[in-house]
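Numbering (the working numbering), first residue to last: 29 to 149.
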């Protein structure tokens, strides 16, 4: 937990990548975020299911990422935020607590408005 770059699935600085695809994956009980897109553009993230991911489920890292499509994904936190043991799916001590802490728990966290979110739950 709290280790930079340690995520289940991660597109890392691939720049323009129209052939990048994450499709049909299941992520369960991740300890720090689920799917991360960092400095990658025009990727497709579709039909993935995330269950009990600590921190943000889908995380677009810097805000310079453009034209990525997040389509028909599902992110589920099975614990309520007031659960005394799990505190929802929050995780303290990450590099960007604003996406992972009790005040801002996010299933989808994007810093850029130039990505498409279609049919996600």
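The beta carbon of each residue, even a glycine, is placed where N, CA and C say it ideally should be. Every value quoted in this text rests on a predicted model; they were computed, and no experiment measured them.
Find out if the Cβ-Cβ distance for the pair residue i, residue j is shorter than 8 Å.
i, j, result
"residue 17", "residue 68", "Given that the chain is displayed from residue 29 to residue 149, the structure contains no residue 17 and the question cannot be resolved."
"residue 76", "residue 63", "yes"
"residue 120", "residue 111", "no"
"residue 103", "residue 85", "yes"
"residue 140", "residue 91", "yes"
Can you round the beta-carbon distance between residue i and residue j to whole angstroms, since I take them to be within the 8 Å contact cut?
i, j, result
"residue 137", "residue 148", "The Cβ separation is near 12 Å, so there is no contact."
"residue 55", "residue 97", "That belief does not hold up - the Cβ atoms of residue 55 and residue 97 are roughly 18 Å apart, past 8 Å."
Using a Cβ-Cβ cutoff of less than 6 Å, which residues in the same chain neighbour residue i once the five nearest sequence positions on both sides are dropped?
i, result
"residue 52", "75"
"residue 49", "72"
Can you name the start and end residues of the beta strand (DSSP E) that residue i belongs to?
i, result
"residue 63", "63-69"
"residue 94", "Counting along the chain, residue 94 falls outside any beta strand (DSSP E), and DSSP gives it neither H nor E."
"residue 104", "102-104"
"residue 144", "144-146"
"residue 40", "37-44"
What residues in its chain sit with their C-beta under 8 Å from that of residue i, if we drop five residues either side in the sequence?
i, result
"residue 95", "69, 70, 142, 143, 144"
"residue 109", "115, 116, 118, 130, 133"
Spatial neighbours of residue i within its chain, please: C-beta separation below 7 Å, excluding the five flanking residues on both sides.
i, result
"residue 34", "60"
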